[in-house]
Each structure stands twice: as C-alpha cells, then as structure tokens.
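Everything on this sheet refers to the single structure shown next.
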Amino acid sequence: MKPLQASSGDLTADRRADFAEMLLASGEPAQAAELLLGALELAPRWAAGWFRLGEMEEAAGRLDQAAQAWAMTLKLDPADRLGAALKLHLIGKVPAAPAPPSAFVETLFDHYADSFEHSLVGKLGYRLPDFLSQAIREARPGRFRLAIDLGCGTGLMGERLRPFVDRLEGYDISAAMLSKAKAKG
C-alpha cells in the first residue's frame, strides 16, 4: 500500500499547515481551519490535509464543513487509511459501516507498532499470552508441529509459543507489526 503523505509536498502549504496547528493548539479552531484551507489551495490533492481540516472544522463546531473535508479525503483516498468514513459516522452524516476499513486498521497499527508492546504490556499490564501459553502446556504437554497466530501483532504470543512448536506462523494486517514479530524469530 502506498504510504500516507504527512507532508503536502509543498513547503509553503506545509508551513501554513504548521501555523494552523499552532492556532488550533491555542484554542482557535475556526482560524486554524481557515489557514489550513489556504494551504489546501496550494496542495489540493493532500488527503491528510483534508482530513485534518475536517478535524479543525469539527473542533470549531462546523460539522457541515467537517463533513465536506472528510468527503474530499475519501475522494482522494478511497481506501480510507485515515478513517474519514468513521468520522463522518461520528458526526451523524453517514450510517455506520459493518467494520472499519481494513486500510484504516492497517495504517493505525502500522503507526502504533513501535509503541504497541510498551502500551499494552508496560502501561496496561497485558498478560494474556502468559496465561494462554500456560493453559496450552497444561492441557497438552509436549511439542506441537505447527502453531498459527492470527492477528499476531508484534509477536507477544509467538514468543511464548516458540519454545514448544516446530513451526510458528504469524499473520497480521499490519506490515509494521509483522516486521516486529519477525524480528523476534
């Protein structure tokens, strides 16, 4: 999948977007949106910029303008890696989809991969892989020929399974998560 473009590709548009972020942070979302709209005139095909404009318009309480910005995001990025359809649903402009777009989930976890384990294990005390591996060993001691970890993430469960399986296969929607899991062996 083509990576998201954090930069507009236009230095002037990027500077205006930076100033818009400062206005938003100082509590002026309407002015921030106006400035970002000017940046988007210079870089009209910048999907991430349109998405951010939607967030600024939403913060300013201008939901119709937010919806227009998110609709433009979807036009520029039909895979919806940013989750514009979810935002449109949250403001009541479209019905809920049965599931979030897979490109959005992939992008979300690709960006989360570097801090995933720290958040899950370090901050939340996540220990399910420990409990599951212990339950598996108690239920059936010995080795397994194959273990398949669906939704393997960074390989937390795979680390626990590796000592008693001959072959371990991990599958995940996020390439960045798979890279972390693969590095663990």
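Count the sequence shown with my numbering and you get residues 51 to 235, in order.
Just so it is clear, CB atoms sit at the ideal spot from N, CA and C, and this is done for glycine as well.
DSSP bridge partner residues for residue i (one or two, in chain order)
i	result
G220	D199
F194	V215
Identity of the residue in the options nearest residue i by Cα
i	options	result
L237	L92, E84, L74 and E209	The chain is shown only over 51 to 235; residue 237 falls outside these bounds and no answer can be derived.
L228	D216, R217, L206 and R212	L206
F69	G59, A56 and L86	L86
K230	G203, V215, A97 and E105	G203
D216	A225, R195, R95 and V144	R195
G111	G77, K232, G59 and L92	G77
I223	G201, K232 and R212	G201
F214	G235, E167 and R187	R187
R95	A197, S58 and V144	S58
A185	G172, L211, S169 and L170	L211
M72	G235, A56, D60 and M106	M106
T123	G220, F101 and A146	F101
Cβ-Cβ separation, residue j to residue i (assumed contact under 8 Å), whole Å
i	j	result
L90	G99	5 Å
L218	D199	7 Å
L74	A97	With a Cβ gap of about 19 Å, L74 and A97 do not count as contacting.
I141	A121	Incorrect: roughly 12 Å between the Cβ atoms, too far for contact.
L103	A119	4 Å
F236	A226	Here the chain covers residues 51 to 235 and nothing more, so residue 236 does not appear.
Residue i: first and last residue of the uninterrupted alpha helix (DSSP H) it sits in
i	result
R66	L61 to A75
H139	A134 to L140
G205	Looking at the DSSP string, G205 is not in any alpha helix (DSSP H), and its letter there is neither H nor E.
L87	P79 to L92
L124	L113 to L126
L182	L178 to A189
G104	A97 to A109
K230	A225 to A233
H161	S152 to E167
beta-carbon residue i near the ligand SAH non-hydrogen atom, thresh 8 Å
i	result
G175	Among the ligands in the structure shown, none appear at all, so the ligand SAH cannot be discussed.
For the pair the segment 132–140 and the segment 163–176, tell me if three or more CB-CB distances fall below 8 Å.
Below 8 Å, too few C-beta pairs join the segment 132–140 and the segment 163–176 to call them touching: fewer than three.
Count the CB pairs spanning the segment 174–192 and the segment 122–132 that are closer than 8 Å, and state whether there are at least three.
The segment 174–192 is not in contact with the segment 122–132.
Three or more beta-carbon pairs under 8 Å between the segment 171–184 and the segment 149–157, yes or no?
Taking 8 Å as the limit for Cβ pairs, the verdict is that the segment 149–157 does not touch the segment 171–184.
Examine the Cβ distances between the segment 55–67 and the segment 76–84 and report whether three or more of them are shorter than 8 Å.
Verdict: no, contact absent.
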